[in-house]
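For reference, each letter of the sequence shown is one residue, going 165 to 480 in this note's numbering.
Cβ coordinates follow ideal geometry from the N, Cα and C atoms, glycine included.
Written below as structure tokens is the structure these notes are about.
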Amino acid sequence: MTRRKINMTMTNYPLTVPMPVLKLPLLTTDPLTAGELFSHCGVRIVALPLAPAMDAPGAATLGEVGGLGAWLKWEGLTVALPGFGQPLTKVKKNSERVGVHYQLPHGGAKKTVNGAEYEEWLKAAHASVALPLSQAPDHYAPVDDIVRSVAVNAAWGAQTPTGWGVVQGAGLKAARQESIAYLVEQNITNFYLGGFEQPLEDEEWQRSLEMTTDLLPPNGLVMVEAATPFRIQAAIEAGVHLIISDLPLTLARHHRYLQEDLSDVPVEEGAPHGLPKQAWPYLTERHVGLATRLLTEANVKNWTAYFAKKHREMLN
Numbered sequence: 165m166t167r168r169k170i171n172m173t174m175t176n177y178p179l180t181v182p183m184p185v186l187k188l189p190l191l192t193t194d195p196l197t198a199g200e201l202f203s204h205c206g207v208r209i210v211a212l213p214l215a216p217a218m219d220a221p222g223a224a225t226l227g228e229v230g231g232l233g234a235w236l237k238w239e240g241l242t243v244a245l246p247g248f249g250q251p252l253t254k255v256k257k258n259s260e261r262v263g264v265h266y267q268l269p270h271g272g273a274k275k276t277v278n279g280a281e282y283e284e285w286l287k288a289a290h291a292s293v294a295l296p297l298s299q300a301p302d303h304y305a306p307v308d309d310i311v312r313s314v315a316v317n318a319a320w321g322a323q324t325p326t327g328w329g330v331v332q333g334a335g336l337k338a339a340r341q342e343s344i345a346y347l348v349e350q351n352i353t354n355f356y357l358g359g360f361e362q363p364l365e366d367e368e369w370q371r372s373l374e375m376t377t378d379l380l381p382p383n384g385l386v387m388v389e390a391a392t393p394f395r396i397q398a399a400i401e402a403g404v405h406l407i408i409s410d411l412p413l414t415l416a417r418h419h420r421y422l423q424e425d426l427s428d429v430p431v432e433e434g435a436p437h438g439l440p441k442q443a444w445p446y447l448t449e450r451h452v453g454l455a456t457r458l459l460t461e462a463n464v465k466n467w468t469a470y471f472a473k474k475h476r477e478m479l480n
């Protein structure tokens, strides 16, 4: 695998390779936590899902306060993801015009957003980087559905240009090639790899990732979601520049300590912050907020340190 080497700058912001992007669940993120804790832990970029954010607090509120970053009191970069939470089920003749059908995670309300409405989302989000309207097909959908999804995603991308293109096509080489060709025609040079947020077998995830990165033109930025340590390492080896993950936060919610090599153990065994292991059962029972904050801080610090270590290794 040939590493992709480019001058890493984004919106006049210097980046290192590989660059971690912390994926946040907007509605459960304390503004003070985002603004103070994550930056203190070495996070420079956060990613947030647009769909739930546009339901609450809503586009009007976000627009009034100045966007996602202002809502979180976050001074670093923000990446706006569509955030639909489920794959594209069926492409219809009117899909380009109608847009994306999705269901909200809280309450289950069914919604639809078209290109014009998504443009309003983008304005309200005021993100440093935003993905166009897009929805990946199920990785194991019928071939015809995957091929049709490539065309409709290209059309949605043209309706909502952001400077980034979303490469679709699941695990099919020809479909990924066609998706990239559409994006190149639109003069896209920065690529988000769609569909890799889905729960796939490790081998298939890695195979599809390496196949897709090998097809990309040189010199552009590449971004992907990687939820597990295996996926993070595979993305680094494939030369992906920006790697989005919520791994440290997910583990903290399950009372697990993320170690410096990205393995994890029960918090009592890891005993972060030098506290005795006997203290953690007490904290998690009597002081849940404090325990969560301490564990989140430890996990995020080790997560960013892992990326910093990989960057140093690449320089040597």
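- When only Cα atoms are considered, residue 380 and residue 409 end up about 22 Å apart.
- A residue is called buried once 16 or more other Cβ atoms fall within 10 Å of its Cβ, and residue 383, having fewer, is exposed.
- DSSP lists 274 as the beta-bridge partner residues of residue 267.
- Boundaries of the alpha helix (DSSP H) around residue 417: 411 to 417.
- Contact between the segment 285 to 294 and the segment 346 to 353 is not established, with fewer than three Cβ pairs separated by less than 8 Å.
- By the Cβ test, the segment 304 to 313 is not in contact with the segment 265 to 281, since fewer than three Cβ pairs between them sit closer than 8 Å.
- For residue 293, DSSP records a beta bridge to 243.
- Shortest Cα-Cα distance from residue 297 to any of 420, 331, 310 and 270 involves 331.
- By the Cβ criterion, the segment 314 to 327 is not in contact with the segment 369 to 377, since fewer than three pairs of Cβ atoms, one from each stretch, lie closer than 8 Å.
- When DSSP states are grouped into helix, strand and coil, residue 395 belongs to the helix group.
- With a minimum length of 3 residues, the unbroken runs of beta strand (DSSP E) contained wholly in the segment 276 to 362 fall at 328 to 331 and 354 to 357.
- Put simply, of 399, 345 and 415 the residue whose alpha carbon is nearest the alpha carbon of residue 366 is 399.
- Between the alpha carbons of residue 446 and residue 460 lies a distance of about 17 Å.
- Excluding its 5 nearest sequence neighbours in each direction, residue 414 has C-beta neighbours in its own chain below 8 Å: 391, listed in chain order.
- Pairing residue 433 with residue 241, the inter-Cα distance amounts to about 34 Å.
- DSSP places residue 371 in the helix class (H, G or I) of the three-state scheme.
- Distance from the CA of residue 295 to the CA of residue 387, rounded to the nearest whole angstrom, comes to 11 Å.
- In terms of Cβ geometry, residue 251 and residue 214 do not form a close pair [threshold 7 Å].
- Collapsing the DSSP output to three states places residue 237 in coil.
- Residue environment: residue 427 is assigned as exposed (fewer than 16 neighbouring CB atoms within 10 Å of its CB, all protein chains considered).
- Taken through DSSP and simplified to helix, strand or coil, residue 425 comes out as coil.
- Annotation for residue 213: the continuous beta strand (DSSP E) segment containing it runs 209 to 213.
- The three-state secondary structure of residue 201, taken from DSSP, is helix.
- Counted as a single uninterrupted DSSP element, the beta strand (DSSP E) harbouring residue 186 occupies residues 183 to 187.
- Between residue 339 and residue 285, the beta carbon gap of about 27 Å keeps them out of contact (Cβ cut-off 8 Å).
- Close CB contacts of residue 470 within its chain, under the 6 Å cut and outside five residues either way in sequence, are with 426 (chain order).
- Sequence-distant Cβ neighbours of residue 342 in its own chain, meaning closer than 6 Å and more than five residues away, are 314.
- The residue among 397, 183, 368 and 259 with its C-alpha nearest the C-alpha of residue 323 is 259.
- Residue 451 is positioned such that its CB atom lies no closer than 7 Å to that of residue 180.
- Going by beta carbons, residue 436 and residue 462 fall inside the 7 Å limit.
- Rounded to the nearest angstrom, the gap between the Cα atoms of residue 301 and residue 249 is 12 Å.
- The continuous beta strand (DSSP E) containing residue 387 extends over residues 386 to 389.
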